[in-house]
Amino acid sequence: MIRVVLPYHLRTLARVDAEVQLDVKGPVTQRSILDALEARYPMLAGTIRDHVTQQRRPFLRFFACGEDLSFESPDAPLPDKIASGEEPFLVIGAIAGG
Amino acid sequence: MSRVRVLVGTRKGAFILTSDGKRAKWKVSGPYFAGWEIYHVKGSPVDPNRLYVSQTSSWFGQIIQRSDDGGKTWFQPGTPPGEPTTTPDGMPKGESNKFVYDTSPETGKPLTTHQWYDGTQHPWEFKRVWHLEPSLTDPDTVYAGVEDAALFRTTDGGKSWHELAGLRGHGTGPKWSPGAGGMGLHTILLDRENSNRMYIAISAAGVFRTDDAGKTWKPVNRGLTSQYIPDPNAEVGHCVHRIAMHPSRPDVLFMQKHWDVTRSDNAGESWREVSGNLPTDFGFVVDVHAHEPDTIYVVPIKSDSEHFPPDGKLRVYRSRTGGNEWDALTKGLPQKDCYVNVLRDAMAVDSLDSCGIYFGTTGGQVYASSDGGDSWNAIVHHLPAVLSVEVQTLK
Chain C
55 MIRVVLPYHL
65 RTLARVDAEV
75 QLDVKGPVTQ
85 RSILDALEAR
95 YPMLAGTIRD
105 HVTQQRRPFL
115 RFFACGEDLS
125 FESPDAPLPD
135 KIASGEEPFL
145 VIGAIAGG
Chain S
2 MSRVRVLVGT
12 RKGAFILTSD
22 GKRAKWKVSG
32 PYFAGWEIYH
42 VKGSPVDPNR
52 LYVSQTSSWF
62 GQIIQRSDDG
72 GKTWFQPGTP
82 PGEPTTTPDG
92 MPKGESNKFV
102 YDTSPETGKP
112 LTTHQWYDGT
122 QHPWEFKRVW
132 HLEPSLTDPD
142 TVYAGVEDAA
152 LFRTTDGGKS
162 WHELAGLRGH
172 GTGPKWSPGA
182 GGMGLHTILL
192 DRENSNRMYI
202 AISAAGVFRT
212 DDAGKTWKPV
222 NRGLTSQYIP
232 DPNAEVGHCV
242 HRIAMHPSRP
252 DVLFMQKHWD
262 VTRSDNAGES
272 WREVSGNLPT
282 DFGFVVDVHA
292 HEPDTIYVVP
302 IKSDSEHFPP
312 DGKLRVYRSR
322 TGGNEWDALT
332 KGLPQKDCYV
342 NVLRDAMAVD
352 SLDSCGIYFG
362 TTGGQVYASS
372 DGGDSWNAIV
382 HHLPAVLSVE
392 VQTLK
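Heads up: the sequence lines are chains C and S, in that order. Sequential numbering of the first sequence, starting at 55, is according to the numbering used here. Sequential numbering of the second sequence, starting at 2, is according to the numbering used here.
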């Protein structure tokens with residue numbers, strides 16, 4: 055079971071109040087996690103990555119196991135601790151200015 | 002007894018203000034979608050409990066929300082959670098927040114660029130929905146004006162959106178350019194007497210009209226003069242801030258341009274200035290009295306850089322002659338130290354016998370007049386900056 059931590063506003067949109075747990079078929083990558091996330095929560099389509107280009111939205115970054123994976127290939131395998139559910143996959147929004 | 006429901010979009014959420022026909026006591030509901038920019042909230046003229054919301058964020062993009070019970074509950078009208086996002090034959094189902102520009106060959110000229118600030122060509126990039134205009138006849142049909150400027154339509158209650166690509170494809174698209182606030186399609190006017198006719202306005206391109214329900218379009222900007230563009234009388238490039246019409250007289254249009262208040266008496270074929278004695282002809286809003294087609298309202302703003310009222314006095318100006326002769330309306334409005342702005346979608350009128358006028362400010366006030374503008378009250382004082390105001394008159 056893959057664990058995903060979403061920013062507050064996306065948790066509100068998805069109507070969940072804690073981290074999300076997903077079944078991911080095949081290799082565990084950024085793309086397969088986001089595909090599974092959007093399949094279960096269709097209202098999140100387009101909020102994390104662009105509908106067409108599938109590029110990560112500029113104000114968001116991806117972290118796992120203390121590493122910034124934002125610029126890794128979306129098809130690169132994620133660490134085993136993510137695949138096993140020991141560690142969550144984090145979607146982090148940029149801090150608002152002010 | 003009639004009631005009114007005021008739909009307010011702000012920088013940090015939506016609010017619904019309700020009152021009976023006296024419009025003396027108000028109930029404030031919200032914030033809905035707290036923390037998100039709500040560019041626009043508008044109800045269907047056919048089914049007033051059907052509300053549509055444009056909810057946007059620099060972080061998370063565009064969301065469309067819908068209510069079928071007058072704002073008590075909300076949902077995104079795409080595929081419900083947990084249901085497959087594709088049909089059994091693999092086709093995508095509704096994605097209510099998906100706005101993708103049409104590049105199909107049948108649009109004739111699928112455009113990929115418009116003019117950028119420096120005069121170079123720049124790719125069209127979807128940013129947000131500025132304005133939602135529900136159909137006059139079908140609660141499931143809504144038009145959406147977006148940035149970068151284009152017109153989309155849903156016919157399934159917001160589940161899916163498709164571009165009316167004839168607007169961008171008609172030929173002048175590469176000459177459109179953004180203003181400082183972006184290149185938004187901000188005004189959509191539907192003609193009650195001719196279901197094939199529609200007007201839209203874009204900053205900074207101008208006004209465009211279709212006479213075949215959105216298939217083909219033409220610019221209708223003759224008579225506009227804009228000294229801030231290379232050819233002041235160009236066919237396109239004018240920074241139109243807002244246009245308005247009275248439903249009973251759809252060939253007469255009123256415009257608040259970046260500079261100049263103008264009117265057209267021939268469905269946009271030509272325009273003439275009616276700024277008259279206004280203290281400044283810059284501003285954003287313009288609207289028309291519900292029962293008097295020649296009574297119009299604007300809020301003059303000092304300049305295009307200062308964006309606050311002249312002399313720190315918040316004044317609505319009313320013309321009962323369709324322009325040129327204007328009276329300042331001040332009773333109940335702050336007449337000193339007021340430096341708020343009133344944005345282009347932030348004025349509306351109700352249709353009660355004594356017409357109500359409403360506007361919201363960037364300071365978070367929503368002012369209402371229940372006597373056609375003679376006197377005003379702030380019905381709420383401390384909202385986030387107001388982006389849009391719409392009013393529903395409910396039986």
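All C-beta atoms in this analysis are idealised placements derived from N, C-alpha and C, irrespective of residue type, glycine included.
Neighbour-count burial assignment, residue i, 16 or more Cβ in a 10 Å radius
i: S:Lys-28; result: exposed
i: S:Asn-222; result: buried
i: S:Glu-96; result: buried
i: S:Gln-257; result: buried
i: C:Gln-84; result: buried
i: C:Tyr-24; result: Only positions 55 to 152 of chain C appear in this structure, which leaves residue 24 of chain C out of reach.
i: S:Ile-203; result: buried
i: S:Gly-146; result: buried
i: C:Pro-96; result: buried
i: S:Asp-346; result: buried
i: S:Met-184; result: buried
i: S:Asp-288; result: buried
i: C:Phe-125; result: exposed
i: S:Ser-306; result: exposed
i: C:Ile-149; result: exposed
i: S:Gln-228; result: exposed
i: S:Asp-149; result: buried
i: S:Thr-363; result: buried
Beta strand (DSSP E) segment containing residue i, residue limits
i: S:Asp-21; result: 14-21
i: S:Tyr-53; result: 52-58
i: S:Thr-188; result: 185-191
i: S:Trp-131; result: 129-135
i: S:Asp-328; result: 328-330
i: S:Ala-202; result: 199-204
i: S:Ala-145; result: 143-148
i: C:Glu-141; result: Element bounds for C:Glu-141: n/a, residue is neither H nor E.
i: S:Gly-215; result: Premise fails: S:Gly-215 is in no beta strand (DSSP E) and is neither H nor E.
Residues of its chain near residue i, where Cβ-Cβ distance is below 7 angstroms and the 5 sequence neighbours each way are ignored
i: C:Pro-81; result: Pro-131
i: C:Arg-94; result: Leu-76
i: C:Phe-117; result: Leu-123, Leu-144 and Ile-146
i: S:Leu-133; result: His-41, Lys-43, Tyr-53, Ser-55, Val-143 and Ala-145
i: S:Phe-309; result: Ile-302, Lys-303, Tyr-340, Val-341 and Asn-342
i: S:Ser-376; result: Lys-332, Gly-333 and Ser-370
i: S:Arg-24; result: Val-5, Gly-357, Ala-369 and Ser-371
i: S:Asp-276; result: Rather than Asp, the amino acid found at residue 276 of chain S in this sequence is Ser. Within the same chain, S:Ser-276 has close Cβ partners Asp-261, Val-262 and Asp-282.
i: S:Asn-234; result: Thr-226
Contact set for residue i: own chain, Cβ-Cβ below 6 angstroms, skip 5 residues either direction
i: S:Ala-206; result: Trp-177 and Val-237
i: S:Arg-198; result: Asp-192 and Asp-212
i: S:Lys-99; result: none
i: C:Leu-67; result: Met-97
i: S:His-383; result: Gly-365
i: S:Phe-255; result: Ala-245, Arg-264, Val-287 and Ile-297
i: C:Arg-65; result: none
i: S:Gly-158; result: Pro-78 and Asp-141
Residues near residue i in its chain [Cβ-Cβ closer than 8 angstroms; skip 5 each side]
i: S:Pro-175; result: Leu-112, Thr-114, His-115, Gln-116 and Gln-122
i: S:Asn-267; result: Asp-252
Residue i versus the options, residue with shortest Cα-Cα distance
i: S:Arg-12; options: S:Met-2, S:Lys-23 and S:Thr-57; result: S:Thr-57
i: S:Leu-152; options: S:Thr-142, S:Glu-164, S:Asp-141 and S:Lys-160; result: S:Glu-164
i: S:Arg-243; options: S:Tyr-298, S:Thr-217, S:Ile-230 and S:His-292; result: S:Tyr-298
i: C:Gln-108; options: C:Val-70, C:Gly-139 and C:Glu-92; result: C:Glu-92
i: S:Ala-214; options: S:Arg-250, S:Gly-364, S:Val-262 and S:Gly-167; result: S:Gly-167
i: C:Val-59; options: C:Pro-112, C:Ile-102 and C:Asp-129; result: C:Ile-102
i: S:Asn-325; options: S:Thr-263, S:Thr-188 and S:Tyr-102; result: S:Thr-263
i: S:Thr-281; options: S:Ala-245, S:Met-184 and S:Trp-260; result: S:Trp-260
i: S:Leu-279; options: S:Arg-273, S:Pro-311 and S:Thr-296; result: S:Pro-311
i: S:Ala-349; options: S:Gly-333, S:Gly-373, S:Trp-327 and S:Ala-329; result: S:Gly-373
i: S:Gln-63; options: S:Val-341, S:Lys-128, S:Arg-24 and S:Gly-22; result: S:Lys-128
i: S:Tyr-200; options: S:Thr-155, S:Thr-363, S:Ser-265 and S:Gly-361; result: S:Ser-265
i: S:Lys-332; options: S:Thr-322, S:Asn-342, S:Tyr-340 and S:Ser-371; result: S:Ser-371
i: C:Leu-88; options: C:Glu-121, C:Glu-140, C:Arg-110 and C:Asp-71; result: C:Arg-110
i: S:Thr-155; options: S:Phe-209, S:Val-130 and S:Gly-10; result: S:Val-130
i: S:Trp-162; options: S:Leu-353, S:Tyr-144 and S:Gly-170; result: S:Tyr-144
i: S:Lys-26; options: S:Val-381, S:Glu-38 and S:Gln-228; result: S:Val-381
i: S:Gly-72; options: S:Ser-30, S:Asn-378, S:Trp-60 and S:Phe-61; result: S:Ser-30
i: S:Val-367; options: S:Val-343, S:Asp-375 and S:Pro-140; result: S:Val-343
i: S:Thr-188; options: S:Arg-210, S:His-171 and S:Glu-38; result: S:Arg-210
Near the ligand NAP: residue i beta-carbon under 6 angstroms from a heavy atom
i: S:Ser-178; result: The ligand NAP is absent from the structure shown, which contains no ligands of any kind.
Host alpha helix (DSSP H) of residue i (start-end)
i: C:Ser-86; result: 84-94
i: C:Ile-136; result: 134-137
i: C:Leu-64; result: 62-68
Review point. Counting only runs that start and end within the region 94-127 of chain S, where is the beta strand (DSSP E) found for 3 or more residues in a row?
Key: If we require 3 residues or more, the beta strand (DSSP E) runs fully inside the region 94-127 of chain S come out as 114-116 and 122-124.
Check your understanding: What residue ranges within the region 243-307 of chain S form continuous beta strand (DSSP E) runs of no fewer than 3 residues, ordered along the chain?
Key -> 254-258, 262-265, 284-289 and 297-301, all fully within the region 243-307 of chain S.
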